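Counting from 1386, one number per residue, gives the positions in the sequence shown under this note's numbering.
Built from N, CA and C at the ideal position, the CB exists for glycine as well.
This one's a predicted model, so the numbers in the text were calculated from it and none came from an experiment.
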Amino acid sequence: MSAYDFDLFVIGGGSGGVRCGRISAGHGARVGVAEERFWGGTCVNVGCVPKKIMVHAAEYGQWSREAGAFGWEMEARGHDWAVLAAARDAEVARLNGIYGRLLGNAGVTSFNARATFLDPHTLDVGGQRVTAERIVIATGGKPVRPDIPGAELGLVSDDLFTLKERPRRIVVVGSGYIALEFASLLKGLGSEVDLLYRQPLPLRGFDEDLREAMAEALAHQGIRLHPGQSPARLEQGEGGLRLTTTSGAVLETDQVMFATGRVPNTAGLGLEKAGIAPGRSGAIPVTAAQATAQPHIYAIGDVTDQLNLTPVATAVGHALADTLFGGRPRAASFENVPTAVFTSPPAAMVGLTEAAAAAQGPVDIYMARFTPMRHTISKQPRKTLMKLVVSQRTRRVLGAHMLGEDAAEIMQGIAVAIVAGATKEDFDRTIGIHPTAAEEFVTLRTLTRSVG
């Protein structure tokens, strides 16, 4: 018999932690999982899932406004925030239950409690002393406010899901996934939205052509853009909040949402008692095998600040479980990970940007920008951008980028091809589905430019 209470103990019941615990138990391990806040983590409760439901809600308003061009007599009389919130929260509750049942059905012992280290093999779990041969830290990340006067008056992303009513006016600070998605959905639901960000273009780290197209799309949606600006202070005014920028501009608004970053959720875990020193941002350093400075303690997901996406955390957790208890050592790849931004219209990408690919060698760029069929009728100024980055030497497609309707759905299939190493000629000989926007990816024949 083992001298420990568990073969594996997972701290954190988000997507990565639950997958790691469930698969490990399926391999025969004795597993415990502790979650102090809510099962399913950020994604299920205050991230991907409730956000996407709200994105869908915003799209209905857009479709109703465009319906007249297609012959429908339709009028949107306004949006009921409370109805949406109730439906959203019911779905989140349903998913919470599913996560709990997944663990229970797998034979995992669940703890609705905070877990902290007492020593490298011992945890305090809600006041109970628990020992484990191996431990996985999967506590995710948390939003942070900027270090400016009055920052406590503003919201962070989690707060959107507890608002009792939609703000009539809101300033969103930031230009990453969260900032753009929340700005877009709130505008779609009827709010006046200002978007403040310090970069010249939104979506730092994405392809430059896509960033330019995104800025144009946000402006066409009616979001007021303030590039090259940062918040300096936030204060309560007579009619609402006053946000002063570093340039001295003042924005009057009802709410301010800070979407300026997230940090690994490691504070208070007692890592020092386990012999683990987090980095400056709080991230836990790990090896390629996800091991920390203690070889029996692992960390996965956003707490490592490697590639902060839910499907990545899930894949890493599954691979770690197979490695530790399944007799099948493997690692999840961080290369060619597809990702999407659920704005209106959405954007998606997989692989390398033009700049990153060109830094490795000469590349050919194939790109198209056009009005999709729906909007040739609706007359809305919504353009679709599609782009392929191709190695001149190998002809492999190194990156694909899209902004336009169904971008995320389309990019999932394109990702399979890029992960498999498809060449431009493989794309060229694939027959397109007509009429679709997606067919453009297999009919791009004219070279836009060569770089490098």
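- Look at the beta carbons and you see the region 1552 to 1560 touching the region 1575 to 1592: at least three pairs across the two are nearer than 8 Å.
- If you look at LYS1527, you'll find it in the beta strand (DSSP E) that goes 1526 to 1528.
- Excluding residues up to 5 positions away in sequence, SER1560, GLU1593, ARG1596, GLU1597, MET1599, ALA1600, PRO1612 lie with their Cβ nearer than 8 Å to the Cβ of LEU1586 in the same chain.
- Comparing C-alpha distances from GLN1513 to each of ASN1497, GLY1633, PRO1680 shows the shortest one belongs to ASN1497.
- Here the C-alpha atom of VAL1493 lies approximately 31 Å from the C-alpha atom of THR1547.
- Between HIS1681 and GLU1825, the C-beta gap is not smaller than 8 Å, which leaves the two residues out of contact.
- Less than 8 Å divides the Cβ of VAL1748 from the Cβ of GLN1777.
- The beta carbons of LEU1770 and ARG1754 sit about 5 Å from each other, so the pair counts as a contact at 8 Å.
- Note that the C-beta distance between PRO1531 and ASP1639 is not below 8 Å.
- Residues of the same chain with a CB within less than 8 Å of the CB of PHE1455, apart from the 5 flanking positions on each side, are ILE1762, SER1763 in chain order.
- A contact between stretches requires three or more CB pairs, one per stretch, nearer than 8 Å, and the region 1776 to 1792 fails this requirement with the region 1465 to 1478.
- Between THR1516 and PHE1502, the alpha-carbon positions lie close to 10 Å from each other.
- Per DSSP, the unbroken beta strand (DSSP E) holding TYR1751 starts and ends at 1748 to 1755.
- Distance between GLY1746 and VAL1429, taken at the CA atoms: about 40 Å.
- DSSP places SER1835 in the uninterrupted beta strand (DSSP E) bounded by 1834 to 1836.
- For PRO1714, the number of other beta carbons within 10 angstroms of its own is below 16, and it is reported as exposed.
- Annotation: the continuous beta strand (DSSP E) that includes MET1642 extends over 1640 to 1643.
- Following the DSSP letters along the chain, one finds VAL1697 in no beta strand (DSSP E) but inside the alpha helix (DSSP H) bounded by residues 1695 to 1710.
- For GLU1620, the uninterrupted beta strand (DSSP E) segment begins and ends at 1616 to 1621.
- At a Cβ-Cβ threshold of 8 Å, GLY1525 and THR1645 do not count as neighbours.
- A residue is called buried once 16 or more other Cβ atoms fall within 10 Å of its Cβ, and MET1459, having fewer, is exposed.
- In terms of CA proximity to HIS1412, THR1708 leads the group VAL1440, PHE1394, THR1708.
- Taking the Cα of MET1439 as reference, the smallest distance to any Cα among ALA1523, ARG1486, ALA1410, LEU1571 is reached at LEU1571.
- The residue among VAL1671, ASP1811, ALA1602 with its C-alpha nearest the C-alpha of GLN1679 is VAL1671.
- In this structure, VAL1418 and GLY1406 form a Cβ contact; the two beta carbons are roughly 4 Å apart against a cut-off of 8 Å.
- Annotation for HIS1611: no alpha helix (DSSP H) segment contains it, though the beta strand (DSSP E) segment containing it runs 1609 to 1611.
- DSSP lists THR1808 as the beta-bridge partner residues of ARG1781.
- For SER1495, the enclosing beta strand (DSSP E) begins and ends at 1494 to 1496.
- Secondary structure at LYS1772: strand, using DSSP grouped into helix, strand and coil.
- DSSP lists no beta-bridge partner residue for TYR1484.
- Relative to the Cα of GLY1535, the nearest Cα in the group PHE1394, ILE1661, ALA1733, ARG1627 belongs to ARG1627.
- For GLU1790, the closest alpha carbon among the candidates ILE1816, ALA1617, GLN1797, ALA1822 is that of ALA1822.
- With contacts defined by Cβ atoms closer than 8 Å, ALA1717 and ALA1740 do not form a contacting pair.
- Shown here, ALA1461 sits in coil according to DSSP, grouped into three states, outside any helix or strand.
- Between ALA1652 and ASP1504, the gap from beta carbon to beta carbon reaches 8 Å or more.
- Between ALA1743 and MET1787, the beta carbon gap of about 19 Å keeps them out of contact (Cβ cut-off 8 Å).
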